[in-house]
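Participant: Per numbering that gives the first Met the number 0, the very first residue in the sequence shown carries number 0; after that it's consecutive.
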Amino acid sequence: MDAERNVAAMEKGEGAARLEAMGYGSGGRAYDVLAALGDGALGRRLDAVNRAALASPSPDEALANLERLCGALPDRLVELFATDEEALRRVVRLCGASRLLTDTMAIEPEATERLFFGGSLERPKGLDEYRREFGGLLSRKGGDERPSRRELERLLRIYKRREFLRIGARDILGIATMSEVTAELSDLAGALIDGALSVCLDELAALYGRPLYRDDEGREREAAFTVIGLGKLGGRELNFFSDIDILYIYSSDRGGTTGVGGRPGTTLNEFFTRLAERLTAVLSAVTDEGICFRVDLDLRPEGRSGPIANSLRSAEIYYESWGQTWERSALIKARPVAGSGELGRQFLAMVSPFVFRRHLDFTAIEEIKSMKERIDLARLRRSPSVRDVKLGEGGIREIEFFCQALQLIYGGKDPELRAKGTLETIERLVGAGLLGRGEAGDLKEAYVFLRNLEHRIQIVEGRQTHALPVSAAGLSRTARLMGFDDIEAFESEYAAVTARVHKLYRGLFYRAEEEKGPEVPEPVAALFSPEITDEEAEALLRELGFRDPRGGVGKVRLLREGPAHGRIPPRARTLVAGLGPRILHLASASPDPDRALHHASLFLSAVGARTAFYSLLNENPAVTELLVRLFGTSVFLSQAIIEHPENIDTLLSPEISKPRKTRAELDEESAEAVTRAGDYEGRLDALRRFKNQEVLRIGINDITGELEGTEVSAQLTALAEVSLEQAIAIAAAELRPRFGEPSRKGFVIMGLGKLGSGELIYGSDLDLLFVYDDRGGCAETSGPRVITDHEYYVRLGQKIISVLTVPTREGEAFKVDTRLRPSGSAGPLVVSRSSLIAYQTERAEVWERQAMVRARAAAGDISFGEAVTAELFDAVYGRGLSETEASEMVRIRGRMEREIAGEGPGRYNIKTGPGGLVDIEFLVQALQLRHGGREPALRKANTLAAMEALKDNGRLDEEDFNLLVEAYRFLRLVETGLRIVHNRPEGYLVEGSAEVEALARRLGFKDAAPGLLSRYLDHRRRVRSLYKRVLSKLAGGK
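#1: Can you pull the DSSP bridge partners for A856?
#2: Closer than 7 Å by C-beta to A997: which residues in its own chain qualify, once you throw out the five before and the five after it? Chain order, please.
#3: For A925 and V523, I'd like the C-alpha separation in whole angstroms.
#4: Return the Cβ separation of V259 and T279 in integer angstroms, given the expectation that the two are a contact with Cβ distance under 8 Å.
#5: Less than 8 Å between the beta carbons of A182 and R235, yes or no?
#6: With distance defined between alpha-carbon atoms, name the residue in R906, I899, I836, G905 nearest to Y876.
#7: For S600, count neighbouring Cβ atoms within 10 angstroms of its own Cβ and tell me buried if that reaches 16, exposed if not.
#8: Taking the continuous alpha helix (DSSP H) assigned at Y247, which residues delimit it?
#9: Could you pull the DSSP bridge partners for P210 from this structure?
#10: Please name the residue in T266, V459, E947, L557 whose C-alpha comes closest to that of V923.
#11: Between T101 and C94, which are expected to be in contact by the criterion C-beta below 8 Å, what is the C-beta distance as a whole number of angstroms?
#12: Looking only at C-alpha atoms, which of L977, G750, T942, G914 sits nearest to G864?
#13: Could you check if E624 is buried or exposed, using at least 16 other CB atoms within 10 Å of its CB as the buried criterion?
#14: Can you grab the Cα-Cα spacing for the pair E618 / E366, in whole Å?
#15: In or out: K502 buried (at least 16 other Cβ within 10 Å) or exposed?
#16: Rounded to whole angstroms, what's the CA-CA distance from V793 to V336? Just pull it up for me.
#17: If you follow the alpha helix (DSSP H) that E219 is in, where does it begin and where does it stop?
#18: Does A1008 have its Cβ less than 8 Å from a Cβ in chain B?
#19: Return the first residue and the last residue of the alpha helix (DSSP H) that L765 is part of.
#20: Give me the Cα-Cα distance between K753 and A900, rounded to the nearest whole angstrom.
#21: I need the straight-line Cα distance from K939 to V852, nearest angstrom please.
#22: Taking the alpha-carbon of D788 as reference, which of L480, G782, A778 has the nearest alpha-carbon?
#23: Assign P935 to buried or exposed, taking buried as 16 or more other Cβ atoms, counted over all protein chains shown, within 10 Å of its Cβ.
#24: Is it buried or exposed for P73, if we count other Cβ within 10 angstroms and need 16 for buried?
#25: Roughly how far, in whole angstroms, is the beta-carbon of D1044 from the beta-carbon of H454, given that I think they are within contact range, below 8 Å?
#26: Verify whether the separation of the beta carbon atoms of R327 and V354 is less than 8 Å.
#27: For S633, count neighbouring Cβ atoms within 10 angstroms of its own Cβ and tell me buried if that reaches 16, exposed if not.
#28: Within 10 Å of its beta-carbon, does K1032 have 16 or more other beta-carbons around it, so buried, or fewer, so exposed?
#29: Under a three-way DSSP split, which group does L988 fall into?
#30: Using beta-carbon positions only, say whether I1040 and E847 come within less than 8 Å of one another.
#31: Counting only runs of 4+ residues fully inside the region 105-156, write out the alpha helix (DSSP H) ranges in chain order.
#32: What ranges does the alpha helix (DSSP H) occupy inside the region 622-651, keeping only unbroken runs of at least 4 residues that lie completely in it?
#33: In angstroms, rounded to a whole number, what distance separates the CA positions of S831 and Y771?
#34: Apply the 10 Å Cβ neighbour rule to S822 and answer buried if 16 or more other Cβ atoms are within range, or exposed otherwise.
#35: Rounding to the nearest angstrom, what Cα-Cα distance links L154 and A222 in this structure?
#36: Just how far apart, CA to CA, sit A16 and F292?
Structure follows, in structure tokens:
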């Protein structure tokens, strides 16, 4: 005889003691239950019952609930459990986990039988299946008759109760994952709301007629109604006792109902208000079968004081005019759950710009933090000793707020972040580079753990609660439900999980407070005293190292008081007051304190009343430090920020820490940025924003030393190339509706000058040559208006130039120069392949051939462009370089020196002055033209690559090669530095100027300006000497 029967055969006292030793809390009660069960169908399975009970979350509850259940179920069903050991084990575990589930099984024997013996435990259900099943309940006997309101309420609650049992059992038995459980609960809610809505809508239409409105074109349409799920419902993350947060939206207020049977109709507002009220009542009324859902409408426009339902337009006006950050946060998870899906999608499209701002919005950090702090305060006042899984430190809400804050900040720029579910959002934050893989793993594991814990607590309590049990018995049951053997192991894991979450949460929301850095020096702090006089301020600025302390006094006043605009909100002024001392301290330590302070003041004036920018800087000290460093280092980059303060978000983007991007990466990112834009003007703005932000990325990595000079040029060149690709796509899309496509698709933009050689610097113009394929003769386009391919490509070229150069609110993308085409400005804008080759073969002067040395296929049909380049180089190099042509190059170079260089005493032009960059380029190109016809290896567009080839082919000796390379690298470094530091394209070095002093410090000269000028003059002298020697020889000594 087995142990259980032995226990049953013992006297009660002895048996009870044995059962308590096994693990029951009350051996006596367990003895009585086992004895009672032994008299029924389960009598022969007491061993299995006992093992299952002892393995359940609460052995005592398992036996007690099982006894009640067996008394309520038909004998036939109890017999089925006795013959199926797995079903018996499962039902006993449910009895030990939840009285609520036990009670549901007792009053739903048919559902219980399907659950354990009909296969419904093993698979999830989706929205369509729920709708089909519940729709079948609503249709009596398969007919069209709709249920009464009371019957609808009953059916809603019965169906939900049965599905609640199925989903709860799948959860407790470990068959379903947390994500499957929340998805099933959410889809169940959606199906029930949708079914109830259809019945309520039919009832009201029978009373008032069909709701009709006139659209913007004056056409009569049927008005629609949609239910928008928010919070856990919107994110498909409902728990077992969640309220459902919803909004009611209808199409329009412009119309009314048709009326019925001669009775007049009513307004759309009245109709849909009654529909919303009726639906809410049906779902939330307390009946004999209980409640279906607690409906929370507080998140609607204007909250509890607002109308229960809103037209699409009225909601739009509200969010545009009055919407707050907490509403943006609530709408992140917005999803149509019932009613018109099309209207729901229109609502989401309408609110998207409100929720996800176009520029990074760091006010979200401060406001979400305030929301959480208010929640914490209310929780502590209500129940200070309770450990709250949802609202407590490191709880579910901190994970949700962490994700939502980053979505609000970055989601406007990255649509991939606009996910509804928390786990999916975490994964997308990793993809966007905003969250490390390890941190994401911690958050995901914590979220699953805490949501499972929430479910276990609720299913035991049978109500909406998030508090850990206080009693030892309650904690023990919870621990066992979570898979832990004892309370200590569970509490240790709970503490570790919540600590990791809270650390990440504080890292985002309190980073600025915890990383303020050292206090500012006393002279800086004194400058922000309201009592300080201008004379005292001037003296302190001089002490801090400012060269123009008098001019700095007004700028410090701006840092202290904020921009002098009448409508600066108090919040903005408070933030500026906190920022000012830090900015001034950082400026005083920058490479050029006066310039840093000047640019900081211009930036604050440009920002004006936009509080978000001040919040960003306050919350991100590292960004403030980088910004002030930029202000003190680069006029070019400072102007990019001052003219478009929204570009500051680039400083916080993960992209800023990526100094090098491949052409493929830039292609993908530019295409994504432009494609997301709507109309033509939007695409132009998107292209400019992308280009400006990428230039800022490159520039910042330049001034911080992450990029070398040649890498800067390579990045800028790749950026120009992808911008040209987007310009082609935008231009072609504009021409397509009218002209269709050309018959021959060969079209390439050849890069000349610095673009062709891959040596662009900041602010470089793009020297372009448009070439199309004319092989096969004249051809025409395919569109409604037929034109020749030549005419098409001329229009395409014109449109490309417009795409790149037309000023928009984002500025221009690039300046474009097409004067190097055949016949210059007098020639056609776009040239055919054959005419280009013929011109270069027969008519091109030496300076035109010289310009083609740096030709390279930059965008468009690159394979076609490479073929054109090969033919072009044969023509350009095939004619060689005669002595007369070399003399002509010397003449042209001399004219540039006289007319363009603009040099004077102590004023040097590093580009066109003697021994400058142009000397090196002319020297190299002359040697290429002289020898490149017979030596194809010399046909290099890049200047440094051409030097290397000339050396390898014996056309430059080692000493001359080293001289040229060293000088060229130095002069390009100075040229780039002058542009990024001073935004001066002219390329002048002026002895004794502050600009040369700042440039020398940037380039690392210990003896500053004298060292820089000495190095320059040495290179200048040696380059000019070599230039004269080489060109004189090529010109035959002329």
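Note that the Cβ used here is the ideal one computed from N, Cα and C, for glycine as well.
Facilitator: The short version:
#1: In the DSSP assignment, A856 forms a beta bridge with M749.
#2: P590, D591, V980
#3: 58 Å
#4: So it is not a contact: roughly 24 Å between Cβ atoms.
#5: yes
#6: I836
#7: With a threshold of 16 other beta carbon atoms within 10 Å, S600 meets it and is buried.
#8: Unbroken run through Y247 is the beta strand (DSSP E), 243-249; no alpha helix (DSSP H).
#9: P210 is bridged by DSSP to T256.
#10: For the residues T266, V459, E947, L557, the minimum Cα distance to V923 belongs to E947.
#11: 5 Å
#12: Relative to G864, the option among L977, G750, T942, G914 whose CA is nearest is G750.
#13: With a threshold of 16 other beta carbon atoms within 10 Å, E624 meets it and is buried.
#14: Approximately 12 Å between the Cα atoms of the pair.
#15: Exposed.
#16: 52 Å
#17: First-last for E219: 219-221, but that is the beta strand (DSSP E), not the alpha helix (DSSP H).
#18: Absent here is chain B; the protein component of the structure consists of one chain.
#19: Not the alpha helix (DSSP H): L765 falls in the beta strand (DSSP E), residues 765-771.
#20: Cα to Cα, K753 sits roughly 19 Å from A900.
#21: Rounded to the nearest angstrom, the two C-alpha atoms are 7 Å apart.
#22: A778
#23: exposed
#24: exposed
#25: Limits of the chain in this structure are 0 at one end and 1037 at the other, which puts residue 1044 out of reach.
#26: A contact, by the Cβ cut-off of 8 Å.
#27: buried
#28: exposed
#29: strand
#30: One cannot answer for residue 1040 here, as it falls past the ends of the chain, which runs 0 to 1037.
#31: 108-116, 126-137
#32: 634-642, 648-651
#33: Cα to Cα, S831 sits roughly 5 Å from Y771.
#34: exposed
#35: 28 Å
#36: Between A16 and F292, the C-alpha separation is close to 46 Å.
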